[in-house]
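Using the numbering used here, the first residue of the sequence shown is number 672, and each one after it goes up by one.
We put the beta carbon where it would ideally sit given N, CA and C, even for glycine.
Below is one structure, written out as C-alpha cells, with a few remarks after it.
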Amino acid sequence: MSILFATSQRNDMRPLAFQGIFATNCYDQLRAYLAQNEEFLAARGMPNAASFLAEPMHDASGAIDWYAEGDVEPVPFSSLGEVEQQMVMDTLNNYASALQALLAKSQGNGMAEGLLHEALQHPGPDDLYVQNGAPILINWGFAPGVQGAVPQDIMRLGGIAASPVAAAAPVAAAAPAAAPVAAAPVAAPVAASIFPGCLSWLLPLALLLLLLWLLLAALGHLPSPLPSSCFRQSVSMDSELLRKQSLEDDLARLLRQLDERAALCVPKTPPKEDLHAERKPVLPDFSTPVPEPEPEIVPEEPVTPPSFGVAPVIPEEPKAEAKPEPKVVPKPEPKPEPKPEPKPVPRNSKMEIPKDAAKKKDLTFLEGCWRSKTDLFNTRGEPIEGEYCFNKNGTGRRFVYEKNGQRCSGAARARFSGNRLIIEAPEASCPRGGGYVAQDVTCTGSESSTQCRGQEHSRNRNKWKATFLRK
C-alpha cells in the first residue's frame, strides 16, 4: 500500500538530467536497478535499497506528490530528537558507503551509473524523511531553482549533517572568546567563490561542445546523444544485416507475386487484320430463286345505304338520380396516454437500477446527486466519502469533501455495458495541490438486488464495496 506523505512544486527546483534524460522520469528503472543489487547493498549496510527513493507522481499543474510504501506515514527528519537524528545519520553513512561501492561496481554501465548519480542529488536538507527508522528521500534528481546553486549529494549528507551534533560542545565551550567563533566559517566563502568562477567559462564551453556534437550527429559523423530510452539496448550489426536481408527477400517475393497476378489480368488482344492482303469479290448467289412479293390486300370500305328521310327521335328515359353516398366521418385517433413521470426517490434511499433500464440504455434514474460511501481512507486517516451528480444523460462530476474544508472535484460519466452500470471517474484535483486517483464503479443487478463495487486506477488497484444514497 502506498502513502502520500509530501508534495513539492516543480517550478521551485531545477531537474537534473543525464544525456538528455531526466532522472525522475526513470523511477521504475532506478528502483529495478537497486532491487537487482539488493544483496550487494544489504551486505554493506543498506537493507531497504528499493524503498530509499520516494515514488514521484507528476501533476499537470506542476506539483509532485511523493509516495512511500507501508502503513506508517514518514515524518520529516528535522522533527526528530538529537538521539534519533544521530541514529539516522549513522544509517545514512552506511547508505553512502554502499552507494559508493555500487557506483564503483557500475562503471561499465554508463547509463545506469549516470542516472543513479543524478538521482542521489537533491536541493536541501529538508528533503529527508524517516519511516520506521529508515531514511526516505524526496525531491531527488533536482537541484535548487536558483541558477548556479549547487545541489546536495546524499553520499555527503551523512557526514555533513552529523558534524553539527559532534561540534556542539566545542562551540559552546568557546562562547566567551569571540575571535575563534568568528574565524570558524571563513573557509566556506573561499570554496564557494572559486566554484562560480569556474562556472563562468565551463558552462559556455560545455554548451559549445554539446552544440558541436548535435551538429555532427545531424550530419551523420557522430552518434546521436539523445537515446530512445533510459537504458540503451545493445544490438549487434550482424543481426541487423540479417534482418535487412530477410526484409529484402520478402519484398522481392511479394513483387514477384504481384507481377504474376497482374499478368493474369491482361486481356487477350485479337489478331490484327492485314489490310494489304488480296481479297476475293463477293458475288450474289443466283442459284436460289427469289420469291415474288405478294400483292397487298386492301380492305374494302363498308357501303352506307342511302337514307330517305329523318328517323324519329326517341326520347331518352329519365335516369334516376344517384343518391349521394354518406360521408364517412373519420374517427378521432385516441390520444397517447402521457408517460407516468418517475416518482421522486426519497432522500437517503439506496440506488436501485430499474428492470428495463439496461435494455433501454435509460440513465434518467441517476439524475440528481448521490452520496458514495466507501471503506477507504486518505493519507491523514480520514474516511473518503464522495458525491456524484448526474444529468439525464449520465454526465456529471465527482466531488470529495475533506475535513479541512477543501473540495476536490473531477469529471464523471455513467454508461451501460450489457447488464452492468459503469461509472467512470478520472482524476479529481484539489485546489491546494494533490488530488485523488481515477476510479471505476461497476453496479450489477436491478431494483433491490443492486450491488456496486469500486476499483482505483493506482498501482495497488484498491477495491471496495460502494454504496450510493440519494442526497
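Cβ of Y704 within 8 Å of Cβ of A725?
No, the Cβ-Cβ distance between Y704 and A725 is not below 8 Å.
Buried or exposed, going by whether 16 or more other CB atoms sit within 10 Å of the CB of N1075?
exposed
Please identify the residue among Y1059, C1040, F1087 whose C-alpha is closest to the C-alpha of K1026.
Of the listed residues, the one whose Cα sits closest to K1026 is F1087.
Do the segment 692-707 and the segment 803-812 touch if we need at least three Cβ pairs shorter than 8 Å?
yes
If you measure between the beta carbons of A734 and T678, is that distance less than 8 Å?
yes
Assuming contact is defined by CB atoms lying nearer than 8 Å, are G1081 and R1069 in contact in what I supplied?
yes
Would you check if the distance between the CB atom of G1052 and the CB atom of F1061 is smaller than 8 Å?
no
Closest by CA to C1040, which one among P686, A1109, A1085?
A1085
Using 8 Å for Cβ pairs, my map puts G1104 next to E1098. What's the rounded Cβ distance?
No, G1104 and E1098 are not in contact; Cβ-Cβ is about 13 Å, not under 8 Å.
Determine the direct distance from the alpha carbon of R1141 to that of P1017, and round the result to whole angstroms.
7 Å
Residue ranges of each beta strand (DSSP E) run of no fewer than 3 residues wholly in the segment 709-761, ordered along the chain?
726-729, 734-740
For F676, which option in T1050, G1065, E784 has the closest C-alpha, if you only look at C-alpha atoms?
T1050
If you draw a straight line from the C-alpha of A805 to the C-alpha of A790, how long is it?
18 Å
I'd like the list of long-range same chain contacts for E1118, defined as Cβ closer than 8 Å, with 5 residues on each side in sequence excluded.
E1023, I1024, P1025, K1026
H793 by DSSP, collapsed to three states: which one?
Looking at H793 - three-state DSSP - the assignment turns out to be strand.
With three or more C-beta pairs closer than 8 Å as the rule, is the segment 768-777 touching the segment 712-727?
The segment 712-727 vs the segment 768-777: in contact.
In the segment 1013-1062, which residue ranges form an unbroken beta strand (DSSP E) of at least 3 residues, counting only runs that do not cross its ends?
1039-1048, 1054-1061
Leaving out five residues before and five after N682 in sequence, what residues of the same chain have Cβ atoms less than 6 Å from its Cβ?
Cβ neighbours of N682 beyond the five flanking positions: G733.
Round the Cβ separation of E1038 and K1021 to the nearest angstrom and send it over; I've been treating them as touching at under 8 Å.
Not quite, the Cβ-Cβ distance comes to about 16 Å (not below 8 Å), so this is no contact.
DSSP three-state label for W1135, please.
strand
Can you tell me which of the three DSSP states I809 falls into?
coil
If you measure between the beta carbons of Q802 and Q823, is that distance less than 8 Å?
no
Buried or exposed: which applies to S978, given that a residue is buried once 16 or more other Cβ atoms fall within 10 Å of its Cβ?
With a pLDDT of 48 at S978, under the threshold of 50, the predicted position of this residue should be treated as unreliable, though the coordinate-derived value follows. Flag for S978 reads exposed.
Run the CB neighbour count on T940, radius 10 Å, all protein chains shown included, and call it buried at 16 or more, exposed below.
exposed
For A688, I'd like the list of residues in its chain whose CB is within less than 8 Å of its CB, leaving aside the five on either flank, ordered along the chain.
A694, E789
Would I1093 pass as a contact of T1113 if the rule is Cβ separation under 8 Å?
yes
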